[in-house]
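As structure tokens, the structure follows; a few thoughts come after it.
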Amino acid sequence: RPRNTAGKPKPDPASLVFGKQFSDHMLTIYWSEKEGWKVPQIKPFQNLSLHPATSALHYSIELFEGMKAFRGVDNHIRLFRPNLNMERMHRTADRSCLPLFDKVELLECIRKLVEVDQDWVPYSLDASLYIRPTYIGIEPSLGVSRSSQALLFCIVGPVGPYFTTGAFSPVSLLADPSYVRACRGGVGAYKMGGNYGPTISVQNEAIKQGCQQVLWLYGEQEEITEVGTMNLFIYWMNEGGERELLTPPLDGIILPGVTRQSLLDLAREWGEFKVTERTMGMKELLGALDSGRITEVFGAGTACVVCPVGSLLYKGKTYQIPTMQNGPDLAKRFHKELTDMQVSRSALMLALTL
Numbered sequence: 010r011p012r013n014t015a016g017k018p019k020p021d022p023a024s025l026v027f028g029k030q031f032s033d034h035m036l037t038i039y040w041s042e043k044e045g046w047k048v049p050q051i052k053p054f055q056n057l058s059l060h061p062a063t064s065a066l067h068y069s070i071e072l073f074e075g076m077k078a079f080r081g082v083d084n085h086i087r088l089f090r091p092n093l094n095m096e097r098m099h100r101t102a103d104r105s106c107l108p109l110f111d112k113v114e115l116l117e118c119i120r121k122l123v124e125v126d127q128d129w130v131p132y133s134l135d136a137s138l139y140i141r142p143t144y145i146g147i148e149p150s151l152g153v154s155r156s157s158q159a160l161l162f163c164i165v166g167p168v169g170p171y172f173t174t175g176a177f178s179p180v181s182l183l184a185d186p187s188y189v190r191a192c193r194g195g196v197g198a199y200k201m202g203g204n205y206g207p208t209i210s211v212q213n214e215a216i217k218q219g220c221q222q223v224l225w226l227y228g229e230q231e232e233i234t235e236v237g238t239m240n241l242f243i244y245w246m247n248e249g250g251e252r253e254l255l256t257p258p259l260d261g262i263i264l265p266g267v268t269r270q271s272l273l274d275l276a277r278e279w280g281e282f283k284v285t286e287r288t289m290g291m292k293e294l295l296g297a298l299d300s301g302r303i304t305e306v307f308g309a310g311t312a313c314v315v316c317p318v319g320s321l322l323y324k325g326k327t328y329q330i331p332t333m334q335n336g337p338d339l340a341k342r343f344h345k346e347l348t349d350m351q352v353s354r355s356a357l358m359l360a361l362t363l
């Protein structure tokens, strides 16, 4: 379809609030057991019309993805490792009993949507076009069963920095073992909306206690898992005296983040320090903090890229984390490497031929 050149006025990139502005068009693809996939449509952005008994509304038969399109220094528009998002979305669809889709075809449909609304990709190195593919069961029935009808849709909109504190201001964390984000055998490794809604009250509790984000703990060992909606990284001197980058493993309670994978890939490519995926409990973390072996702690995710952690509130005591006093050299290096890739040619980027 022709490129969109009219539509709503584009906001100033400096005024963007995450997830509040949307472009002129959306992608919709319907599926039914009787007819299979219908022809994908790119149409004007509009409200959905859903039956009141729609299964997604009652039983959370739904999932989503989050990815970004960047305008490069050469004015070309690129996506960052979108194949990883498609693979994760496919796995989550399978776990949700939603019909499986062709990953290559869906990515092409998303590419077309970005092409139509390419003027919405900000002319800014600090802003990007956020892409939100969403997949819902639309069975018009109150039965708790596999949906015989589904809707896959995608909306996009310009975004600035995720955190209002700015790209490199440290965040403070609340670690409270009485709250759990996910459990083994559950669906914590899948990007389902049902994993996110229940975290809001805990996030509000963190804010009440003067923190900005939640450090999610799990089990008797109080394993550190994720930070808010981010994967967690610790750069430290391990007990063997080695410099090490550590992140929790993909053992069923961690979302396999695209940024997480990218940081691990970069660190292993550099070969300058040990890179480990393993569990770490609060006792070990606090012991390492106490002995001065923690250099940096940071979160990583599509929305925020890399976010340093400055303090931790645990059982009524605040622990200072020396991330900012140490640069944070590694977090800044990761941030620069990733953002440089996102605005320039890179093997990790998928260029959109517009």
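Each position in the sequence shown, counted from 1, maps to that position plus 9 in the working numbering.
Just so it is clear, CB atoms sit at the ideal spot from N, CA and C, and this is done for glycine as well.
Could you tell me which of the options sits nearest to residue i, measuring between CA atoms?
i: residue 127; options: 179, 19, 182 and 96; result: 19
i: residue 179; options: 194, 341, 255 and 27; result: 341
i: residue 283; options: 242, 291 and 298; result: 242
i: residue 197; options: 217, 225 and 187; result: 225
i: residue 314; options: 135, 124 and 32; result: 135
i: residue 53; options: 63, 75, 122 and 86; result: 122
i: residue 303; options: 320, 160 and 34; result: 320
i: residue 279; options: 258, 290, 260 and 254; result: 254
i: residue 38; options: 111, 97, 261 and 298; result: 111
i: residue 258; options: 238, 118, 186 and 285; result: 285
i: residue 165; options: 234, 97 and 75; result: 75
i: residue 162; options: 245, 143, 218 and 105; result: 143
i: residue 189; options: 205, 181 and 307; result: 205
i: residue 68; options: 86, 32, 149 and 185; result: 149
Can you list, in chain order, the residues of its chain with a C-beta nearer than 7 Å to that of residue i? Leave out the 5 residues immediately preceding and following it.
i: residue 109; result: 99, 102 and 103
Residues in the same chain with beta-carbon distance under 6 Å from residue i, minus the five sequence neighbours each way, listed in chain order, please.
i: residue 71; result: 65, 145 and 202
i: residue 337; result: 305 and 317
i: residue 351; result: 79 and 89
i: residue 174; result: Annotation note: pLDDT 49 at residue 174 (below 50); position unreliable, no value reported.
Is the beta carbon of residue i sitting closer than 8 Å to the one on residue j?
i: residue 116; j: residue 91; result: yes
i: residue 80; j: residue 113; result: no
i: residue 183; j: residue 223; result: yes
i: residue 140; j: residue 160; result: no
i: residue 58; j: residue 158; result: no
i: residue 364; j: residue 288; result: No information on residue 364 is available, as it lies outside the stretch 10 to 363 that the chain covers here.
i: residue 310; j: residue 256; result: no
Going by beta carbon distance, what residues of the same chain come within less than 8 Å of residue i, once the five residues before and after it are set aside?
i: residue 295; result: 323 and 328
i: residue 344; result: 176, 177, 314 and 315
Using the rule of at least 16 other Cβ atoms within 10 Å of the residue's Cβ for burial, across every protein chain shown, is residue i buried or exposed?
i: residue 94; result: buried
i: residue 192; result: exposed
i: residue 60; result: exposed
i: residue 263; result: buried
i: residue 240; result: buried
i: residue 151; result: exposed
i: residue 237; result: buried
**Q.** Length at least 4, wholly inside the segment 196 to 275: the alpha helix (DSSP H) runs in chain order
**A.** 209 to 217
**Q.** Length-filtered (4 minimum) alpha helix (DSSP H) runs lying within the segment 70 to 143
**A.** 91 to 104 and 112 to 125
Q | Length at least 3, wholly inside the segment 20 to 77: the beta strand (DSSP E) runs in chain order | A | 34 to 41, 50 to 53 and 71 to 73
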